[in-house]
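This report concerns only the one structure given below.
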Amino acid sequence: MLCLNFGLRTELTNTLGAAVCILETHAPGVVNPVRGLARLVQVGTEFTIIDISLRGLAPGIYQASIRQNGDISRGAASTGGAWEEDTKGGEARGKLGQIEVSNEGSGAIIIDVGIAIWELIGRSMVLSSSTEGFQQGDEATLVGVIARSAGVWENDKVVCSCSGKTVWEERVEQTGKGML
529 MLCLNFGLRT ELTNTLGAAV CILETHAPGV VNPVRGLARL VQVGTEFTII DISLRGLAPG
589 IYQASIRQNG DISRGAASTG GAWEEDTKGG EARGKLGQIE VSNEGSGAII IDVGIAIWEL
649 IGRSMVLSSS TEGFQQGDEA TLVGVIARSA GVWENDKVVC SCSGKTVWEE RVEQTGKGML
């Protein structure tokens with residue numbers, strides 16, 4: 529029996545959810561706006577591993593967070609507050625932690641969170657060097673929408689139906705555009 533719940537297959541199929549988020553700057557005039565990728569894989573009932581890779585950023589500490597909504601029309605400024613912010617002074621569930629970007633402009637982190645994938649689909653993820661508020665057009669702030677993706681070994685697609693290219697040909701083209 530197959531049960532679908534917001535893009536997440538339940539335990540009835542022995543498969544949990546997976547998602548992806550392409551992180552890009554919304555600063556005007558940037559040639560290669562894609563600066564990162566977040567991969568999310570649910571490995572337990574409410575246990576998800578998040579792998580974030582960044583490149584092309586200024587060195588420093590960046591805050592990673594999941595936001596209330598997926599509106600990225602004005603970059604991070606339109607994403608709302610941190611997801612499930614505790615009004616009693618506790619930590620928001622959407623605050624993921626910090627990522628250190630090296631002098632070479634790259635950084636990575638793997639974290640685990642007590643969240644199910646279906647709770648995140650359609651929300652946005654923001655990475656910013658700022659801890660308070662976001663400025664529209666800030667090149668050091670990355671934003672993306674979390675979208676459902678195939679899980680490990682679930683995508684046997686060989687040809688892209690939109691262009692007729694193989695996934696490998698599509699990858700070469702996208703890598704040339706700055707995608708990880």
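Using my numbering, you'd call the opening residue of the sequence shown number 529 and step up by one each time.
Using N, Cα and C, we set each Cβ at its ideal position, and we do this for glycine too.
- Going by beta carbons, S656 and Q702 fall outside the 9 Å limit.
- Ranked by Cα distance from A586, the first of T553, A620, G609, R567 is T553.
- Under the DSSP definition of a beta bridge, R595 partners with A610.
- L568 sits away from L670, with the two beta carbons spaced by 9 Å or more.
- Counting the other Cβ atoms within 10 Å of the Cβ of A678 gives fewer than 16, which makes it exposed.
- When DSSP states are grouped into helix, strand and coil, R583 belongs to the coil group.
- Looking at G665, C549, V562, the one whose alpha-carbon comes closest to that of G706 is V562.
- S593 and G545 have their alpha carbons spaced roughly 19 Å apart.
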